[in-house]
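Colleague:
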Amino acid sequence: MGDAEKLSNSIIDNPIIAYSYKDLKVWQKSRELVKLSYEISSKLPENEKFGRLEKN
3 MGDAEKLSNS IIDNPIIAYS YKDLKVWQKS RELVKLSYEI SSKLPENEKF
53 GRLEKN
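My numbering puts the first residue of the sequence shown at 3, with every later residue one more than the last.
1. Can you tell me where the alpha helix (DSSP H) holding serine 22 begins and where it ends?
2. Only counting the same chain, and skipping five residues up and downstream in sequence, which positions put a Cβ closer than 8 Å to that of tryptophan 29?
3. With DSSP run on the structure shown, which of helix, strand or coil describes leucine 46?
4. To the nearest angstrom, how far is the alpha carbon of glutamate 41 from that of arginine 33?
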């Protein structure tokens, strides 16, 4: 069996499945983190949002 035939059989026996980046756990967790950060920041007083504190 030649190298090309081995490679061909390997690809057939173990197909590569393309997934969406949205299937990645890291993507899903990052989306949860973004949502949580928006929820928390929406509860802050106006003068503390976006790091805009008045400095005396």
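Where a beta carbon is used, it is the ideal one built from N, C-alpha and C, also for glycine.
Just so it is clear, the structure is predicted and the values come from calculations on it, not from any experiment.
Modeller: So, from the data block:
1. Against the sequence shown, residue 22 aligns to sequence position 20. If you look at serine 22, you'll find it isn't in any alpha helix (DSSP H); DSSP assigns it neither H nor E.
2. On the sequence shown, position 27 is the one that residue 29 refers to. The residues are Tyr23.
3. Your numbering for residue 46 matches position 44 in the sequence shown. The three-state secondary structure of leucine 46, taken from DSSP, is coil.
4. Against the sequence shown, residue 41 aligns to sequence position 39. Against the sequence shown, residue 33 aligns to sequence position 31. Glutamate 41 and arginine 33 have their C-alpha atoms some 12 Å from each other.
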